[in-house]
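> Note that the protein sequences, when read in sequence, are chains A and B. The first sequence begins at 0 in numbering that gives the first Met the number 0 and counts up one residue at a time. The second sequence begins at 0 in numbering that gives the first Met the number 0 and counts up one residue at a time. The structure under discussion is supplied below as structure tokens; questions concerning it will follow.
2 protein chains.
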Amino acid sequence: MNIGQAAKKSGVPAKTIRYYEEIGLIPPAGRTAAGYRDYADAEVETLKFINRARSLGFSVHDVGDLLALWRDRGRASADVRRIAQGHVAAVDRKIAELQAIKQTLEGLIHRCHGDDRPDCPILEELAPACCGSGGQGL
Amino acid sequence: MNIGQAAKKSGVPAKTIRYYEEIGLIPPAGRTAAGYRDYADAEVETLKFINRARSLGFSVHDVGDLLALWRDRGRASADVRRIAQGHVAAVDRKIAELQAIKQTLEGLIHRCHGDDRPDCPILEELAPACCGSGGQGL
DNA sequence: ATGCACCTTCCAGTCACTGGAAGGTCAAGC
DNA sequence: GCTTGACCTTCCAGTGACTGGAAGGTGCAT
Numbered sequence: 000m001n002i003g004q005a006a007k008k009s010g011v012p013a014k015t016i017r018y019y020e021e022i023g024l025i026p027p028a029g030r031t032a033a034g035y036r037d038y039a040d041a042e043v044e045t046l047k048f049i050n051r052a053r054s055l056g057f058s059v060h061d062v063g064d065l066l067a068l069w070r071d072r073g074r075a076s077a078d079v080r081r082i083a084q085g086h087v088a089a090v091d092r093k094i095a096e097l098q099a100i101k102q103t104l105e106g107l108i109h110r111c112h113g114d115d116r117p118d119c120p121i122l123e124e125l126a127p128a129c130c131g132s133g134g135q136g137l
Numbered sequence: 000m001n002i003g004q005a006a007k008k009s010g011v012p013a014k015t016i017r018y019y020e021e022i023g024l025i026p027p028a029g030r031t032a033a034g035y036r037d038y039a040d041a042e043v044e045t046l047k048f049i050n051r052a053r054s055l056g057f058s059v060h061d062v063g064d065l066l067a068l069w070r071d072r073g074r075a076s077a078d079v080r081r082i083a084q085g086h087v088a089a090v091d092r093k094i095a096e097l098q099a100i101k102q103t104l105e106g107l108i109h110r111c112h113g114d115d116r117p118d119c120p121i122l123e124e125l126a127p128a129c130c131g132s133g134g135q136g137l
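So this is what it looks like as structure tokens:
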């Protein structure tokens with residue numbers, strides 16, 4: 000099957016498949032006589048694997064590690080678990096960061112009357128040295 | 000004051016200040032006879048403003064809009080509020096996405112015994128067509 | 001005069017793609 | 001056999017927001 004069909008079956012765009020090949024995440028595909036890339040079902044499964052891992056937010060680097068473990072019949076599940084736990088920790092940090100940002104912003108939005116008058120606690124928070132005076136910087 | 004001092008006072012790295020100038024977020028700085036960039040306190044305030052807005056996760060594009068509103072003495076606070084609310088909505092979507100990812104991963108990690116045996120529900124979830132068999136793709 | 005820390009510009013790399021141009025291939029229809 | 005259109009190929013460039021490094025000029029103290 001050609002790259003377009005593999006893309007449709009796997010859900011990974013053709014451009015992205017070529018990109019994954021280029022960076023070495025997947026090995027170079029076989030070629031037809033005309034130079035077209037040629038894929039079997041097994042490669043499509045690999046692409047689906049990559050797609051699912053990426054949609055869970057694993058970096059392409061981590062996906063490479065997961066693929067290697069997937070291919071290794073003798074792998075220890077602890078190795079997979081470790082990668083997943085590291086990723087959950089990173090996700091947790093990101094969530095905490097975003098929640099802090101959200102809280103700050105919601106407090107500011109709550110205090111901003113949001114009408115056609117110029118005074119705005121949001122800008123005042125961003126520029127505490129010159130509350131509401133405008134045009135200090137440039 | 001030169002760029003290094005402005006960087007120290009504002010918390011924005013010198014490289015990043017040059018970058019902000021290059022993309023037009025801040026106007027070109029004045030220059031000394033020798034060609035060094037020269038900053039006054041007002042420019043440092045602008046950089047602090049940018050730094051705070053960026054740390055709240057506003058895109059550089061949004062920061063440009065906020066800066067313009069800050070400089071506009073007649074701005075409507077509603078305009079600022081709208082930008083902030085749009086950003087909160089984006090932050091919310093991101094949080095929800097990350098929480099979904101986290102839940103999925105935690106469920107998988109919980110089911111993975113994480114020892115030196117090869118069977119692992121995490122890989123099985125990523126490759127449902129060939130649970131635990133290994134090496135299907137390449 | 002020499003050293004060192006600072007400044008300048010420009011180019012390249014990060015991450016994970018994505019778009020587009022220029023040109024080759026395949027299959028269908030006439 | 002020829003055209004048409006949808007595919008494929010490679011290569012280059014751009015995204016966002018920086019960051020690192022090289023090569024060379026400047027400022028100041030000794």
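Beta carbons are placed, not taken as given, at the ideal position from N, Cα and C, and that holds for glycine.
Taking the C-alpha atoms as reference points, what is the distance between B:Gly23 and B:Val62?
If I take the Cα positions, the gap works out to 12 Å.
> So that I know if they touch, is there some Cβ in chain A lying closer than 8 Å to that of B:Leu55?
Answer yes: the Cβ-Cβ gap between B:Leu55 and chain A drops below 8 Å somewhere.
> Using the C-alpha atoms, what's the distance from A:Glu105 back to B:Arg17?
Roughly 32 Å between the two C-alpha positions.
> Output yes or no for whether 8 Å exceeds the beta carbon distance between B:Leu97 and A:Ile94.
In contact: B:Leu97 and A:Ile94 (Cβ atoms closer than 8 Å).
> Go through its chain and collect everything with a Cβ distance to B:Asp64's Cβ below 7 Å, but skip five positions before and after it.
Ile82.
> What is the C-beta distance between A:Arg74 and B:Pro117, in whole angstroms, given that I count them as a contact (C-beta under 8 Å)?
At roughly 5 Å, the Cβ-Cβ gap stays under 8 Å, so A:Arg74 and B:Pro117 are in contact.
> When you compare the CB of B:Ser9 with every CB in chain A, is at least one pair closer than 8 Å?
Judged by the 8 Å Cβ criterion, B:Ser9 is not in contact with chain A.
> For B:Cys60 and B:Tyr19, what's the separation of their Cα atoms in angstroms?
Note that residue 60 of chain B is His in the sequence shown here, rather than Cys. One C-alpha to the other measures close to 11 Å.
> Can you say whether A:Lys14 is buried or exposed, counting buried as having 16 or more other CB atoms within 10 angstroms of its CB?
Classification of A:Lys14: exposed, given that the 10 Å Cβ count is below 16.
> Take the Cβ of A:Ser76 as the centre, count every other Cβ of all protein chains shown within 10 Å, and call the residue buried at 16 or more, exposed below.
With 16 or more other Cβ atoms within 10 Å, it is buried.
> Which residues, taken in chain order from the region 74 to 89 of chain A, show a beta carbon closer than 9 Å to some beta carbon of chain B?
Cβ contacts with chain B come from Arg74, Ala75, Ser76, Ala77, Asp78, Val79, Arg80, Arg81, Ile82, Ala83, Gln84, His86 and Val87.
> On the three-state DSSP scale, how would you describe A:Arg116?
A:Arg116 falls in the coil class under three-state DSSP.
> Just reading off the alpha helix (DSSP H) that A:Tyr18 is part of, what are its end residues?
Taken as a continuous stretch (DSSP letters only), the alpha helix (DSSP H) holding A:Tyr18 covers Ala13 to Glu21.
> Under a Cβ-count criterion, where at least 16 other Cβ atoms within 10 Å of its own Cβ denotes burial, should A:Ala32 be classed as buried or exposed?
When all chains shown are included, A:Ala32 counts as exposed.
> Roughly how many angstroms lie between the CA atoms of B:His109 and A:Thr103, to the nearest whole one?
C-alpha separation (whole angstroms): 33 Å.
> Which word fits B:His86, buried or exposed, when buried means at least 16 other C-beta atoms lie within 10 angstroms of its C-beta?
Buried, by the Cβ-count rule.
> Does any residue of chain B bring its CB to less than 8 Å from the CB of A:Glu44?
Chain B contact via Cβ: present.
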